[in-house]
Amino acid sequence: MATFEPRERRICVRIVYDGLGSAGKTTNLQQLASLFSAQRTTDLYSPATVDGHTLYFDWMQIHGGVACGFPLLCQVISVPGQVVLTERRRHLLTTADAVVYVCDSAQARLAAAREGFALIADAAEVSGRRPVIVVQANKQDQLTAASGETLRGALGLGGDVEVVEAIARDGIGVVDSFVTAVRGVTKRLQAEVDRGHARLPLRLAERPQELLDALDALDVDPEWAAEMLLEEAASSFAGIARDVLAPPPPPRDDGDTREHAPVPRADAPAGFVWPAHTARERLDSLANAGVTAAPIDADGGVRIEVAGVGLTTSRAECFIEAEQARQSIVRAARELTQLGPLLAPETVLALQPGDDGRIWLWTVTPALEPSAAWLAAAAPEEQPARVAAIAAAVAEALAYTAHRGVELETSLDGFAVERDHVRYVGPRRPATPASLSKMVERALRSMDQLRHELHPFATALEHELRARSLDVGFLDRRPAVELSGE
Numbered sequence: 000m001a002t003f004e005p006r007e008r009r010i011c012v013r014i015v016y017d018g019l020g021s022a023g024k025t026t027n028l029q030q031l032a033s034l035f036s037a038q039r040t041t042d043l044y045s046p047a048t049v050d051g052h053t054l055y056f057d058w059m060q061i062h063g064g065v066a067c068g069f070p071l072l073c074q075v076i077s078v079p080g081q082v083v084l085t086e087r088r089r090h091l092l093t094t095a096d097a098v099v100y101v102c103d104s105a106q107a108r109l110a111a112a113r114e115g116f117a118l119i120a121d122a123a124e125v126s127g128r129r130p131v132i133v134v135q136a137n138k139q140d141q142l143t144a145a146s147g148e149t150l151r152g153a154l155g156l157g158g159d160v161e162v163v164e165a166i167a168r169d170g171i172g173v174v175d176s177f178v179t180a181v182r183g184v185t186k187r188l189q190a191e192v193d194r195g196h197a198r199l200p201l202r203l204a205e206r207p208q209e210l211l212d213a214l215d216a217l218d219v220d221p222e223w224a225a226e227m228l229l230e231e232a233a234s235s236f237a238g239i240a241r242d243v244l245a246p247p248p249p250p251r252d253d254g255d256t257r258e259h260a261p262v263p264r265a266d267a268p269a270g271f272v273w274p275a276h277t278a279r280e281r282l283d284s285l286a287n288a289g290v291t292a293a294p295i296d297a298d299g300g301v302r303i304e305v306a307g308v309g310l311t312t313s314r315a316e317c318f319i320e321a322e323q324a325r326q327s328i329v330r331a332a333r334e335l336t337q338l339g340p341l342l343a344p345e346t347v348l349a350l351q352p353g354d355d356g357r358i359w360l361w362t363v364t365p366a367l368e369p370s371a372a373w374l375a376a377a378a379p380e381e382q383p384a385r386v387a388a389i390a391a392a393v394a395e396a397l398a399y400t401a402h403r404g405v406e407l408e409t410s411l412d413g414f415a416v417e418r419d420h421v422r423y424v425g426p427r428r429p430a431t432p433a434s435l436s437k438m439v440e441r442a443l444r445s446m447d448q449l450r451h452e453l454h455p456f457a458t459a460l461e462h463e464l465r466a467r468s469l470d471v472g473f474l475d476r477r478p479a480v481e482l483s484g485e
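Using numbering that gives the first Met the number 0, you'd call the opening residue of the sequence shown number 0 and step up by one each time.
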C-alpha cells in the first residue's frame with residue numbers, strides 16, 4: 000500500500016502488473032525501462048527466471064510526478080503468471096495500489112483471462128482495499144485478437160475500469176497503460192486528502208530483498224517447472240496436437256464393440272504430460288504392457304489398472320479443441336497439487352489425442368487398494384484407526400472444497416489406500432453452494448452401508464470437522480442419516 004517516506008519527503012505507491020503466463024507482463028516492464036530511462040531510479044531487476052518466465056517478480060522504480068503536493072515514487076512490479084506460483088502472485092496483488100491486468104487478447108485465451116482476473120478480487124478481499132484496475136488488451140497484432148470492448152465484456156468489467164489496447168512487444172499501449180494506472184492512484188489519493196481521510200504509514204518503502212524474503216516464506220509447489228513447460232507450449236499446442244495424433248488402431252477382433260479411449264503414451268511432447276520430469280517413465284510401463292485403448296462405460300467413465308498403475312478419464316475430460324485441452328491439464332495440475340496429503344505420490348496427468356482428433360485428459364496413479372476393501376480387511380484392533388483415517392480424509396476433502404471451490408467425491412469410492420495412507424482418487428467438479436452438505440451426506444451414507452462402522456466414523460468425522468473449524472450442518476443431519484441404516 001502507499002507509504003510516506005519522511006526522509007525523502009515523498010509518497011511511494013506500488014503498480015503491479017498482473018496476468019497469466021506469457022501474457023506480456025515482463026515485456027511491459029522491459030519497454031517501460033527503456034521508455035522511462037530518465038525517470039528510473041533503479042534498473043529492471045528480476046531475482047530469478049527460467050526460459051523467460053518470472054519466478055518471483057520483476058522490479059523497478061520510476062518517478063511518477065507529483066501527488067498531493069509531494070514527489071511520487073512508483074514501484075513497478077510484475078507477478079509470476081504460472082498457476083503453481085499463484086500464492087506468490089496473490090501476495091504481490093495484496094500489496095498493490097494499482098493493478099495493470101495484462102491479457103493475451105486471442106479469442107481462445109479469453110476464458111483463461113477471465114478466470115485469472117478473479118484473483119484480483121480475492122486479493123482485494125484479503126487486503127481489505129480495492130486497487131485501481133487497468134486492463135491491457137495485449138497482443139492486438141494477432142489475427143484472432145479480441146477488441147478492447149470485447150475483452151471488457153468477457154471480463155465483466157465495470158465502467159470504472161479503463162481498457163487499453165496494446166502491442167507491448169512494439170511499445171504500443173505500454174505508456175498509456177502505466178500512465179492510466181498512475182493517474183488513477185493519484186486521483187484516489189487526492190480525493191482522500193480532500194475528504195480528510197488520507198493516512199499514510201510513515202516508513203521506508205519495501206525493498207526488493209524484503210519482498211523476496213516474504214515470497215520465499217510462502218508454500219510454493221516444487222513442481223513449478225512442469226507448469227513452465229505447460230505454459231511455454233501454449234502457443235504451439237494446437238499444431239503439436241495435430242502432429243502427434245495416434246494412428247488408427249487396428250480393428251478389434253475380441254468382439255468388444257464398446258467405444259474406447261486412447262491410453263496415454265510416453266512419447267507425448269512437452270505440455271502434454273505433468274509433471275514433465277517423472278511422467279514419461281510411468282507412461283513407459285503402459286507401452287510395455289501393450290495397452291493402447293480402454294473401454295468407456297455406460298456412465299461415460301474410464302477406469303483400468305495395468306502394469307501397476309490405475310488410469311482414469313471420462314467423457315467430461317475429452318476435448319475437441321487443443322486450447323481447451325491445454326487449459327484443462329493446467330487446471331487439473333493446480334487442483335492436484337493443492338490436494339496436499341490426499342494426493343497419491345507419483346500421480347501423473349497426460350493428454351492423449353485420438354485418431355478422431357479428440358484429446359483425452361488422463362489421471363494416472365499407482366494401483367491403490369480400494370478404501371472399502373481396506374476397511375473390510377482390518378483386524379478388530381485395527382478398525383478404529385482405519386475408520387479414523389477415512390474420517391480425516393473426508394474432513395480434508397471438505398476443507399479442500401471450502402477453500403478451493405472444487406467439489407470432491409467423499410463416498411468410499413473417492414478414496415484408496417497406499418500403505419495405510421488414504422489418498423483421493425475420485426473426480427473433481429466445480430463446487431456449488433450445496434457441495435459441502437452433499438459431501439457430508441455422501442460420506443455418511445457410504446459408511447452407513449457398513450452398518451457397524453457408521454457410529455465410530457461419525458464421531459471421528461465430527462472431531463475432524465471441529466478441528467478444522469468447518470461448519471457444514473453435520474451435527475444436525477447425522478441422526479437422520481444414521482437411522483437410514485437401521
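Glycine included, each C-beta is placed from N, C-alpha and C at the ideal position. Remember, it's a predicted structure, so these values are computed and weren't measured experimentally.
Look at the Cβ atom of residue i, then the Cβ atom of residue j, and state whether they are nearer than 8 Å.
{"i": "GLN141", "j": "SER176", "result": "no"}
{"i": "PHE456", "j": "ILE389", "result": "yes"}
{"i": "THR364", "j": "VAL290", "result": "no"}
{"i": "MET446", "j": "THR409", "result": "no"}
{"i": "ALA165", "j": "ASN137", "result": "yes"}
{"i": "LEU367", "j": "VAL416", "result": "yes"}
{"i": "VAL393", "j": "LEU460", "result": "yes"}
{"i": "ASP96", "j": "ALA190", "result": "no"}
Can you list, in chain order, the residues of its chain whose CB lies under 8 Å from that of residue i, leaving out five sequence neighbours each side?
{"i": "ARG512", "result": "No answer is possible for residue 512: the residues shown for the chain start at 0 and end at 485."}
{"i": "ALA292", "result": "PRO248, HIS259, ALA260, PRO261 and VAL262"}
{"i": "TYR44", "result": "ASP57, TRP58, MET59 and PRO207"}
{"i": "PRO344", "result": "PRO365 and GLU417"}
Let's see if you can read the secondary structure: which residues bound the beta strand (DSSP E) around residue i?
{"i": "THR336", "result": "Element bounds for THR336: not the beta strand (DSSP E) but the alpha helix (DSSP H), 321-336."}
{"i": "MET438", "result": "It is not in any beta strand (DSSP E) - MET438 instead sits in the alpha helix (DSSP H) that spans 434-447."}
{"i": "PHE3", "result": "2-4"}
{"i": "GLY309", "result": "308-313"}
Among the options, which residue has its Cα nearest to the Cα of residue i?
{"i": "ASP159", "options": "PHE35, GLN448 and PRO130", "result": "PRO130"}
{"i": "VAL15", "options": "ALA122, LEU397 and ARG9", "result": "ALA122"}
{"i": "TYR100", "options": "PHE271, VAL386 and ALA167", "result": "ALA167"}
{"i": "ASP212", "options": "GLU7, ARG13 and TYR55", "result": "TYR55"}
{"i": "CYS73", "options": "LEU92, THR85 and THR40", "result": "THR40"}
{"i": "PHE414", "options": "TRP373, PRO383, GLU380 and CYS102", "result": "TRP373"}
{"i": "HIS486", "options": "ARG187, ARG202, HIS62 and ALA204", "result": "Summary: the structure shown does not reach residue 486, with the chain confined to residues 0 through 485, and so no result is reported for it."}
{"i": "LEU214", "options": "SER33, THR25 and PRO46", "result": "PRO46"}
{"i": "LEU453", "options": "ARG385, GLY299, ALA398 and ARG465", "result": "ARG385"}
{"i": "GLY155", "options": "GLU124, PHE116 and THR185", "result": "PHE116"}
Consider the C-beta atom of residue i and the heavy atoms of the ligand ATP; say whether any pair is separated by less than 7 Å.
{"i": "ARG281", "result": "No copy of the ligand ATP occurs in the structure displayed, which carries no ligand at all."}
Just how far apart, CA to CA, sit residue i and residue j?
{"i": "CYS11", "j": "THR53", "result": "24 Å"}
{"i": "THR346", "j": "PRO5", "result": "53 Å"}
{"i": "GLU320", "j": "THR458", "result": "47 Å"}
{"i": "PRO274", "j": "GLN337", "result": "14 Å"}
{"i": "SER234", "j": "ALA111", "result": "Residue placement at SER234 cannot be trusted, given a pLDDT of 40 that sits under 50; the coordinates are not used to answer."}
{"i": "VAL134", "j": "GLY172", "result": "11 Å"}
{"i": "HIS9", "j": "GLN29", "result": "What sits at residue 9 in the sequence shown is Arg, not His. Looking at the two C-alpha atoms, the distance is approximately 25 Å."}
{"i": "ASP266", "j": "ALA288", "result": "15 Å"}
{"i": "VAL163", "j": "ALA387", "result": "55 Å"}
{"i": "PHE318", "j": "SER146", "result": "27 Å"}
{"i": "VAL98", "j": "ILE295", "result": "46 Å"}
{"i": "SER284", "j": "ARG418", "result": "22 Å"}
{"i": "ALA518", "j": "ARG422", "result": "Past the edges of the chain, shown from 0 to 485, lies residue 518, and the structure says nothing about it."}
{"i": "ARG467", "j": "GLU395", "result": "9 Å"}
{"i": "LEU443", "j": "THR94", "result": "43 Å"}
{"i": "HIS420", "j": "GLY183", "result": "53 Å"}
{"i": "GLU316", "j": "ARG325", "result": "11 Å"}
{"i": "GLY127", "j": "PRO383", "result": "45 Å"}
{"i": "HIS62", "j": "LEU310", "result": "56 Å"}
{"i": "ARG202", "j": "ALA331", "result": "42 Å"}
Residues in its own chain within less than 6 Å of residue i by CB, not counting five upstream and five downstream?
{"i": "PRO263", "result": "LEU282, ALA349, GLN351 and TRP361"}
{"i": "GLU406", "result": "THR400, ARG428, ALA430 and SER434"}
{"i": "ARG403", "result": "GLN337"}
{"i": "VAL301", "result": "ALA260, ALA293, ILE295 and THR312"}
{"i": "VAL192", "result": "CYS67"}
Could you pull the start and end residues of the alpha helix (DSSP H) that residue i belongs to?
{"i": "ARG87", "result": "85-93"}
{"i": "TYR399", "result": "382-403"}
{"i": "GLY183", "result": "173-194"}
{"i": "GLY64", "result": "Here GLY64 belongs to no alpha helix (DSSP H); instead the beta strand (DSSP E) covers 57-66."}
{"i": "ARG418", "result": "From DSSP, ARG418 is part of no alpha helix (DSSP H); its letter is neither H nor E."}
{"i": "GLY152", "result": "147-154"}
{"i": "PHE116", "result": "109-126"}
{"i": "ALA37", "result": "Here ALA37 belongs to no alpha helix (DSSP H), and DSSP marks it neither H nor E."}
{"i": "SER77", "result": "Here SER77 belongs to no alpha helix (DSSP H); instead the beta strand (DSSP E) covers 69-77."}
Taking only beta-carbon positions, decide if residue i is within less than 8 Å of chain C.
{"i": "VAL347", "result": "Looking at the structure shown, chain C is missing, and only one protein chain is on hand."}
Leaving out the 5 sequence neighbours to the left and right, which residues in its chain are closer than 7 Å to residue i when beta-carbon positions are compared?
{"i": "ILE132", "result": "VAL98, TYR100, ILE119 and VAL160"}
{"i": "PRO69", "result": "It should be noted that the sequence gives Phe, not Pro, for residue 69. ARG8, ARG9 and ILE10."}
{"i": "ARG257", "result": "PRO294 and ILE295"}
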